[in-house]
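Asks: Can you read through this structure? Questions will come right after.
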Amino acid sequence: MNVQDFQKMKDEGRKISMITCYDYSSARAVADSNIDCILVGDSLAMTMHGYPTTLSATTAMMALHTAAVAKGAPAKFIVGDLPFLSYRKGLKDAMDAVHELMTAGAHAVKLEGVRGHAEIVRHIVDSGVPVMGHLGLTPQSVHALGGMKVQARTNAALKVLGSEAHELEEAGCFAIVLECVPAQGARRVTDSLRVPTIGIGAGPYVSGQVLVYQDVLGLNPGFKPKFLRVYANTFEVIRKALNAYDDDVKSGAFPSASESYKDPDFIEPGATKPTEHAGENGRGSRITLTSEMNQ
Ligand code: KIV
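As structure tokens, this is what we get:
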């Protein structure tokens with residue numbers, strides 16, 4: 528997947544699958560899947576750091592997680608989220624943030640809204656960095672929106688959404704996330720644009736879908752908005768595995784003999800001492816953990 532494939536997939540009517548990802552081990556699982564591309568979303572402030580909103584994500588945080596994901600999924604197209612206000616403090620600060628994410632391993636950046644920063648979007652694009660837009664529910668504006676609410680529920684609001692989407696397309700965005708928008712409105716916007724839309728809570732008539740890794744895998748119990756489909760109850764799987772480990776430690780069932788290393792110097796009670804075998808350096812040979820972890 529590269530940036531041109533987004534347009535190609537929309538033109539050919541093929542859906543784009545995207546998932547958020549924030550760390551190395553999860554990225555390895557995504558790398559081994561058929562998912563088309565990864566978003567290192569600023570939702571990591573909530574999923575990975577426990578903050579109540581995305582406002583606490585910083586550029587340094589985003590770059591650190593982007594670098595970990597890039598190491599775990601080197602062949603996937605990675606979009607790095609520009610965090611709260613990082614592109615609203617002038618061109619230099621915005622470009623510094625873009626620089627950090629791109630050198631950390633992102634192939635594109637995402638930013639929310641367009642009012643007041645269309646010129647910055649244009650400058651980032653003209654600098655050779657693909658930009659993904661994000662409209663509808665824009666979580667960085669949670670306080671201005673009065674909470675996490677479905678957007679564009681009136682014709683007037685849908686008209687504004689449509690014109691902002693066109694502004695982002697004209698500024699050079701290669702794709703636009705539509706978050707929490709009624710399905711028919713998202714369809715209208717998608718059909719009126721040349722570039723693809725990636726929906727989250729925006730119904731089926733968009734060019735692709737993005738969901739949060741923890742939500743898809745049931746790692747966020749109790750969070751079940753209407754738009755979410757949970758594909759595995761991983762929280763429960765992990766909880767059961769941890770309790771089984773705890774039981775085995777406390778009962779002495781773990782570790783077993785086959786999970787323990789043999790010490791060549793150890794003499795079973797009642798056994799005769801074997802002939803001493805001297806290693807090359809004159810000492811009895813010992814297990815070297817680096818090369819013999821499984822013996
Ligand atoms: O940060 C994020 O995870 C996002 C998606 C919800 C689109 O922006």
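Sequential numbering of the sequence shown, starting at 528, is according to our numbering. Every residue, glycine too, gets a C-beta built ideally from N, C-alpha and C.
1. Measuring only from the beta carbon, is Thr547 closer than 6 Å to any heavy atom that is part of ligand 1?
2. Around the Cβ of Phe604, are there at least 16 other Cβ atoms within 10 angstroms (buried) or fewer (exposed)?
3. Confirm, please, whether the CB-CB distance from Thr717 to Val704 is below 7 Å.
4. Go to Thr586, then tell me how far its alpha helix (DSSP H) extends in each direction, as first and last residue.
5. So does the segment 580 to 595 actually touch the segment 629 to 640, counting three or more Cβ pairs closer than 8 Å?
6. Helix, strand or coil for Phe533? Go by DSSP, reduced to three states.
7. Sorry if obvious, but does the Cβ on Ile727 come closer than 6 Å to a heavy atom of ligand 1?
8. What does a CB cutoff of less than 7 Å around Tyr614 pick up in its chain, not counting 5 residues either side in sequence?
9. With a 10 Å radius around its C-beta and 16 neighbouring C-beta atoms as the bar for buried, classify Leu612 as buried or exposed.
10. With a cut-off of 8 Å on the beta carbons, I'd call Asn606 and Cys548 a contact; round off their distance for me.
11. Please confirm whether any heavy atom of ligand 1 lies closer than 6 Å to the CB of Ser570.
12. Between Thr724 and the rest of its own chain, which residues show a CB-CB distance below 6 Å, the 5 nearest in sequence each way excluded?
13. Report back the beta-carbon spacing between His650 and Leu618 to the nearest angstrom; my notes put them in contact at under 8 Å.
14. Rounding to the nearest angstrom, what Cα-Cα distance links Arg721 and Val641 in this structure?
15. With respect to the beta strand (DSSP E) encompassing Met528, which residues constitute its N-terminal and C-terminal limits?
16. Between Thr761, Ala683, Pro601, which lies nearest to Asp559 when the distance is taken from Cα to Cα?
17. Helix, strand or coil for Gln711, going by three-state DSSP, please let me know.
18. Distance check for Phe750 and Leu695, CA to CA, integer angstroms please.
19. Since I believe Val708 is in contact with Ala679 (beta carbons under 8 Å), could you give me their beta-carbon distance rounded to a whole number of angstroms?
20. Assign Glu539 to one of three DSSP states: helix, strand, or coil.
21. Met536 and Ile543 - do their beta-carbons sit closer together than 7 Å?
22. Can you tell me the Cα-Cα spacing of Gly540 and Thr586, whole angstroms?
23. Rounded C-beta distance between Ala635 and Pro657? I'm assuming under 8 Å.
Replies: The short version:
1. As a position in the sequence shown, residue 547 is number 20, starting the count at 1. It does: the Cβ of Thr547 is within 6 Å (strictly closer) of some heavy atom of ligand 1.
2. Indexing the sequence shown from 1 puts residue 604 at position 77. Buried, since its Cβ has 16 or more Cβ neighbours within 10 Å.
3. Numbered from its first residue, the sequence shown carries residue 704 at position 177. Numbered from its first residue, the sequence shown carries residue 717 at position 190. Not a contact, by the Cβ cut-off of 7 Å.
4. Working through the sequence shown from its first residue, we reach residue 586 at position 59. Where Thr586 is concerned, the enclosing alpha helix (DSSP H) stretches over 586 to 599.
5. yes
6. One-based indexing of the sequence shown puts residue 533 at position 6. Looking at Phe533 - three-state DSSP - the assignment turns out to be helix.
7. Taking the first residue of the sequence shown as position 1, residue 727 is located at position 200. Yes, the Cβ of Ile727 comes within 6 Å of a heavy atom of ligand 1.
8. Your numbering for residue 614 matches position 87 in the sequence shown. Closer than 7 Å at Cβ, skipping near neighbours: Ala621, Ala624, Leu638, His644, Ile647.
9. As a position in the sequence shown, residue 612 is number 85, starting the count at 1. It counts as exposed.
10. Here residue 606 refers to the residue found at position 79 of the sequence shown. Here residue 548 refers to the residue found at position 21 of the sequence shown. With the sequence shown as reference, residue 606 is identified as Val, and Asn is not the correct amino acid for it. 10 Å between Cβ atoms; not a contact.
11. Reading the sequence shown from its first residue, position 43 is the one you call residue 570. The answer is yes for Ser570.
12. For the purposes of this step, residue 724 is taken as the residue at position 197 of the sequence shown. So the qualifying residues of the chain are Ile703, Leu705, Thr717, Val733, Ser734.
13. Counted from its first residue, the sequence shown places residue 650 at position 123. Counted from its first residue, the sequence shown places residue 618 at position 91. 6 Å between Cβ atoms; contact.
14. Within the sequence shown, numbered from 1, the residue matching residue 721 stands at position 194. Within the sequence shown, numbered from 1, the residue matching residue 641 stands at position 114. When rounded, the distance between both Cα atoms is 17 Å.
15. Position 1 of the sequence shown, counted from the start, is the residue given in the question as residue 528. Taken as a continuous stretch (DSSP letters only), Met528 belongs to no beta strand (DSSP E), as it is neither H nor E.
16. Taking the first residue of the sequence shown as position 1, residue 559 is located at position 32. Of the listed residues, the one whose Cα sits closest to Asp559 is Pro601.
17. By 1-based counting over the sequence shown, the position of residue 711 is 184. In the structure shown, Gln711 sits in a helix (DSSP, three-state: H, G or I).
18. Start at 1 with the first residue of the sequence shown, and residue 695 comes out as number 168. Start at 1 with the first residue of the sequence shown, and residue 750 comes out as number 223. About 31 Å.
19. Along the sequence shown, one-based indexing puts residue 679 at 152. Along the sequence shown, one-based indexing puts residue 708 at 181. Between Val708 and Ala679 the Cβ distance is about 5 Å, and since that is below 8 Å, they are a contact.
20. Along the sequence shown, read from residue 1 onward, the residue named residue 539 stands at position 12. Note: Glu539 maps to coil in three-state DSSP.
21. Residue numbering aside, residue 543 sits at position 16 when the sequence shown is read from its first letter. Residue numbering aside, residue 536 sits at position 9 when the sequence shown is read from its first letter. Taking 7 Å as the Cβ cut-off, Ile543 and Met536 qualify as a contacting pair.
22. Against the sequence shown, residue 540 aligns to sequence position 13. Against the sequence shown, residue 586 aligns to sequence position 59. So the two alpha carbons sit approximately 35 Å from each other.
23. As a first step, residue 635 must be located in the sequence shown, where it is residue number 108. As a first step, residue 657 must be located in the sequence shown, where it is residue number 130. About 4 Å separates the two Cβ atoms, so the contact holds.
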